[in-house]
Amino acid sequence: MNSSTFDYVEFKSPYGFMHSPVPPVVNLQPRPNLFSSVSDGVVALAAPVICYWVYSMMFHIIDVFELAEKYRIHDTEEVQSRNRAGRVEVFCEVIFQHIVQTTAGLMLLHFDAEPMTGFEQKAIWEWRRVLPAVIPDFAVYYFYMYGISALKELIGFFIIDTWQYFWHRAMHLNKELYRRYHSRHHRLYVPYAYGALYNAPVEGFLLDTLGTGVAMLVTQMTYREQIILFSFATLKTVDDHCGYAFPWDPFQIIFPNNSVYHDIHHQNFGIKTNFSQPFFTFWDSLFHTNFAGFEQYQNAQRRVTIDRYKAFLKERKELAKKGINTAYHPKRKQN
Numbered sequence: 001m002n003s004s005t006f007d008y009v010e011f012k013s014p015y016g017f018m019h020s021p022v023p024p025v026v027n028l029q030p031r032p033n034l035f036s037s038v039s040d041g042v043v044a045l046a047a048p049v050i051c052y053w054v055y056s057m058m059f060h061i062i063d064v065f066e067l068a069e070k071y072r073i074h075d076t077e078e079v080q081s082r083n084r085a086g087r088v089e090v091f092c093e094v095i096f097q098h099i100v101q102t103t104a105g106l107m108l109l110h111f112d113a114e115p116m117t118g119f120e121q122k123a124i125w126e127w128r129r130v131l132p133a134v135i136p137d138f139a140v141y142y143f144y145m146y147g148i149s150a151l152k153e154l155i156g157f158f159i160i161d162t163w164q165y166f167w168h169r170a171m172h173l174n175k176e177l178y179r180r181y182h183s184r185h186h187r188l189y190v191p192y193a194y195g196a197l198y199n200a201p202v203e204g205f206l207l208d209t210l211g212t213g214v215a216m217l218v219t220q221m222t223y224r225e226q227i228i229l230f231s232f233a234t235l236k237t238v239d240d241h242c243g244y245a246f247p248w249d250p251f252q253i254i255f256p257n258n259s260v261y262h263d264i265h266h267q268n269f270g271i272k273t274n275f276s277q278p279f280f281t282f283w284d285s286l287f288h289t290n291f292a293g294f295e296q297y298q299n300a301q302r303r304v305t306i307d308r309y310k311a312f313l314k315e316r317k318e319l320a321k322k323g324i325n326t327a328y329h330p331k332r333k334q335n
């Protein structure tokens, strides 16, 4: 094969443009929307709301028809007797938060530039020229096209976790903040799915709307990347409050911060612990704010079963009946 034939084959390959002696032509044009009738920006605002209600209604159906009582953390009687907020109130409060969240998003959307495409090949060509030849062409291509987006999502997870941990912790440690705002969320001692965003409006805006907004702005996410982040964070938050410990639930298998971990936070004995949400628990571990009587479960979250957790809850109730304080106290060795 002579040199000219080699060059022809190389340039005709899917990644041949990377080896062109001249940069690919940039032909900027508006990026087509995922759906012809609505912009990707609007989809990014609508997707988490749709995900919230579709996913939470799945759990609500399971509740109403008692389809998975074996995996339920608290029984129906506890939901009715311990919770201090009615379901209609919770429903209306969440709807209001979604209105605030969507309105804020629409205001920001008004100032966004129109997404463009047509520059990608030149950017990849420039990467190829500076990256070591040992890195294959396909790796350069796919990292630019998809790897950067995945990295943004991971950074977004970290930003949301950090933002929510410190605000959430402050809401508990500052009596005035707790009384004015966060105490409303804890009227649900026994969480359920569509009560995940039952918050005071100010808290909902600070923790959820601003938290995801900061993650979006810092990482400079595209609308499609926002759809993934917002939807995933919403599904995870609903799952944390679902009230079930399913052995097959991917959220509860993959993430150490799950429905069992967060349920402890909603109980009287654990209300000043387990502040981390919604993804990981590293901030609780770093600042020693995870519930100290649950290490054997916390260190093996993937093996936690509903039976073991119910046994743990029963143990705390029995200790409480004997007058033993089971609440978290940093200077007292936990049982």
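Going by the UniProt record's numbering, the first residue of the sequence shown is number 1, and it counts up by one from there.
Quick reminder that beta carbons are idealized off the backbone N, C-alpha and C, glycines included.
For residue 242 and residue 114, I'd like the C-alpha separation in whole angstroms.
Spanning the alpha carbons of residue 242 and residue 114 requires a straight line of approximately 38 Å.
Residue 185: which of 211, 14, 306, 262 sits nearest, CA to CA?
Nearest option by C-alpha distance: 262.
For residue 244 and residue 76, I'd like the C-alpha separation in whole angstroms.
One Cα belongs to residue 244, the other to residue 76, and the distance between them is close to 12 Å.
Where do the ends of the alpha helix (DSSP H) carrying residue 263 lie?
Per DSSP, residue 263 belongs to the alpha helix (DSSP H) from 259-266.
Could you name the residues of the same chain whose beta carbon sits closer than 6 Å to that of residue 87, not counting the 5 residues immediately before and after it, in chain order?
So the list is empty, once near-sequence residues are dropped.
Can you find the residues in the same chain that come closer than 7 Å, C-beta to C-beta, to residue 28, ignoring five residues on each side of it along the sequence?
Cβ neighbours of residue 28 within its own chain (closer than 7 Å, five residues either side excluded): 116, 118, 119.
Go ahead and label residue 30 buried or exposed: buried means 16 or more other beta carbons lie within 10 angstroms of its beta carbon, across all protein chains shown.
Looking at its Cβ environment, which holds fewer than 16 other Cβ atoms inside 10 Å, residue 30 is exposed.
Suppose you measure from the CA of residue 322 to the CA of residue 239; what does that come to, to the nearest Å?
Cα to Cα, residue 322 sits roughly 33 Å from residue 239.
How long is the line joining the alpha carbons of residue 312 and residue 293, rounded to whole angstroms?
When rounded, the distance between both Cα atoms is 9 Å.
Any idea if residue 314 is buried or exposed, counting beta-carbon neighbours within 10 angstroms, 16 or more meaning buried?
Classification for residue 314: exposed.
DSSP bridge partner residues for residue 38 (one or two, in chain order):
Residue 38 is bridged to 35.
Give me the DSSP bridge partner(s) of residue 72.
The secondary-structure analysis by DSSP pairs residue 72 across a beta bridge with 244.
When the Cα atoms are used, what is the spatial distance from residue 255 to residue 279?
CA-CA distance, residue 255 to residue 279, rounds to 6 Å.
In terms of DSSP beta bridges, what is residue 116 paired with?
By DSSP's assignment, residue 116 forms a beta bridge with 30.
Classification of residue 251 by the beta-carbon crowding that lies within 10 angstroms, buried from 16 upward:
Buried, since its Cβ has 16 or more Cβ neighbours within 10 Å.
Cβ of residue 223 within 7 Å of Cβ of residue 40?
Yes. Within cutoff.
Tell me which residues share the same chain as residue 170 and place their Cβ nearer than 8 Å to its Cβ, disregarding the 5 neighbours each side in the sequence.
Cβ-Cβ distances below 8 Å link residue 170 to 177 in the same chain, with the five nearest sequence neighbours on each side left out; the list follows chain order.
Report the residue from 36, 168, 137, 83 whose alpha carbon sits nearest the alpha carbon of residue 205.
For the residues 36, 168, 137, 83, the minimum Cα distance to residue 205 belongs to 168.
So the alpha helix (DSSP H) residue 106 belongs to, where does it begin and stop?
Per DSSP, the continuous alpha helix (DSSP H) segment holding residue 106 begins and ends at 87-111.
Along the alpha helix (DSSP H) that carries residue 176, what are the first and last residues, could you check?
Start and end: 175-180.
By DSSP, does residue 196 sit in helix, in strand, or in coil?
Looking at residue 196 - three-state DSSP - the assignment turns out to be coil, as it is neither helix nor strand.
State the DSSP-derived secondary structure class of residue 183, mapped to helix, strand or coil.
Residue state for residue 183 is assigned as helix, using DSSP reduced to three classes.
What's the call for residue 174, buried or exposed, on a 16-neighbour Cβ count within 10 Å?
Exposed, by the Cβ-count rule.
In three-state terms, what does DSSP make of residue 171?
Residue state, collapsed to three classes: helix.
Going by C-alpha distance, which of 234, 179, 163, 124 is nearest residue 218?
Among 234, 179, 163, 124, the Cα nearest to that of residue 218 is on 163.
CB-CB length for residue 209 against residue 101, believed under 8 Å:
At roughly 5 Å, the Cβ-Cβ gap stays under 8 Å, so residue 209 and residue 101 are in contact.
Sufficient close CB pairs (3 or more, under 8 Å) joining the region 134-148 to the region 187-202
No contact exists between the region 134-148 and the region 187-202.
Own chain partners of residue 156 with C-beta closer than 6 Å, once the 5 adjacent residues on each side are dropped
Cβ neighbours of residue 156 beyond the five flanking positions: 215, 219, 229.
Just to confirm the assignment, what range does the alpha helix (DSSP H) spanning residue 25 have?
Unbroken run through residue 25: none, as it is neither H nor E.
For residue 210, the three-state DSSP class (helix, strand or coil)
Three-state DSSP puts residue 210 in a helix.
Note down the Cα distance separating residue 62 from residue 82, rounded to an integer number of angstroms.
Their Cα atoms are separated by approximately 20 Å.
Would you tell me roughly how many angstroms separate the C-alpha atoms of residue 56 and residue 47, rounded to the nearest one?
Roughly 14 Å between the two C-alpha positions.
Own chain partners of residue 320 with C-beta closer than 7 Å, once the 5 adjacent residues on each side are dropped
The answer, listed in chain order, is 326.
Backbone secondary structure at residue 18 - three-state DSSP:
In the structure shown, residue 18 sits in a helix (DSSP, three-state: H, G or I).
Assign residue 160 to one of three DSSP states: helix, strand, or coil.
Look at residue 160 here: in three-state DSSP terms it is helix.
Looking at residue 281 and residue 258, is the spacing between their C-beta atoms short of 7 Å?
In this structure, residue 281 does not lie closer than 7 Å to residue 258 by Cβ.
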